[in-house]
Amino acid sequence: MKLSTWCICLLVVALSSGLSSRVNASDEPTHVAVAAYEFPPYYSSRLERHVLGALLDAVNQRQQTFYFEIIEVRPPHRYQALEPEGCCQLIFFEAEQWGWSSYIGTHVEKGPKLTEGADIHVLRAEEDTSEVSNDADGAARVGGIVGYHYDFVDYQSDVAVLEQEHNLYLADSHVTLINMLSRGRLHSILLNTELLAMLELHDPDVAKTLKAGKTVDQTYATHVLVADDAVVNVDWLRGQLDEMWEDGSLAELFASFGLENHLVYDPSPANVQAASPQ
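According to mature numbering (1 follows the signal peptide of the UniProt record, and there is no 0), the sequence shown holds residues -25 to -1, 1 to 253 in order.
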């Protein structure tokens, strides 16, 4: 082979390799960071399987445009995570009353409603549920989670105020609260109804040690919140959820956590119109 012919062959191979690498690179899905914090059963690093992980796995398998990955943050830091300089682009299962009012409509868009739930006072199974009240006078030690917002303390989240003025014990996990309740170190703890439903299905031995009080602290509806500068938008996410709803996989996923009665996602045109920005 002549030297000139050999050089041309090398050039063609090089160009082909470069084109191939660019094509392969363009085929790679865009990574999307999803903020998550300790909020079982929706997300918990202490659970082998949680709702958010199962949902994102399903979406990742259904398409190749985006790859969603979870970035764990502490509850008080989830707002900064969605700011323009933040680490994440969206967050699932959030309620506007949990400190999001000033963010929605400024640099965060609220997506469709996903679930409904409540925070309730929970006691040991042998306790009298009639003794629980929502008075924030420090008469009985109540356990909650750092960074959470509770109605009976006017949605304050300042740790010092909650601990000193309202005698609220704040833990980093629901596991800690349940353990302290079982040992009699707390009179009652605040748990969400979705967690109780999951425990009844997957950990009935623990569920039997707990008794739901008659006092509901707050009810809420959760949504997906998307940062304005995110590479993915609410309409695209709604399209994925609509497909999962239509083929039954969305209901099946939530039922696997015992949350079939909490899923309220509505793919109807009326829901799309209501969730669209005005």
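Heads up, the beta-carbon is just placed ideally off N, CA and C, and yes, glycines get one too.
Within the continuous beta strand (DSSP E) that includes residue i, where are the two ends?
i      : result
HIS6   : 5 to 11
VAL117 : 117 to 120
Could you tell me the alpha carbon to alpha carbon distance between residue i and residue j, rounded to whole angstroms?
i       : j      : result
LEU30   : PHE67  : 10 Å
GLN193  : THR168 : 11 Å
GLU91   : TYR195 : 6 Å
HIS237  : LYS88  : 11 Å
VAL207  : TYR18  : 21 Å
ARG(-4) : LEU161 : Because the pLDDT at ARG(-4) is just 41, under 50, the model does not fix this residue reliably, and the value given afterwards should be weighed accordingly. So the two alpha carbons sit approximately 60 Å from each other.
GLU84   : ALA202 : 6 Å
ASP2    : PHE43  : 16 Å
LEU137  : ALA146 : 12 Å
TYR240  : ASP94  : 20 Å
ARG213  : GLU58  : 22 Å
So, using beta-carbon positions, are residue i and residue j closer together than 7 Å?
i      : j      : result
MET173 : GLY233 : yes
ALA56  : THR197 : no
TYR144 : ARG116 : yes
ALA230 : VAL97  : no
ILE79  : CYS63  : no
HIS141 : VAL128 : yes
PRO4   : GLN39  : yes
GLY118 : ILE164 : yes
ASP222 : PRO242 : no
TRP75  : HIS124 : no
VAL209 : GLY86  : yes
LEU185 : PRO16  : no
Where do the N-terminal and C-terminal ends of the alpha helix (DSSP H) with residue i fall, by residue?
i      : result
THR151 : 149 to 157
ALA56  : 53 to 56
LEU225 : 224 to 230
LEU143 : Not the alpha helix (DSSP H): LEU143 falls in the beta strand (DSSP E), residues 143 to 146.
LEU137 : 134 to 140
Could you check what DSSP says for residue i in three-state terms: helix, strand or coil?
i        : result
THR184   : coil
ASN167   : strand
VAL239   : coil
ALA205   : coil
ALA100   : coil
PHE41    : strand
LEU(-23) : Low local confidence applies: a pLDDT of 40 at LEU(-23) is under 50, so the model's placement there is unreliable, and no value is given.
PRO16    : coil
HIS82    : coil
GLN215   : helix
LEU27    : helix
GLU71    : coil
GLU47    : strand
GLU91    : strand
GLN64    : coil
GLN36    : helix
ASP192   : strand
HIS198   : strand
HIS124   : coil
GLN161   : Note that residue 161 is Leu in the sequence shown, not Gln. LEU161: coil per DSSP, three-state reduction.
LEU174   : helix
Three or more C-beta pairs below 8 Å linking the stretch 1 to 10 and the stretch 23 to 43: yes
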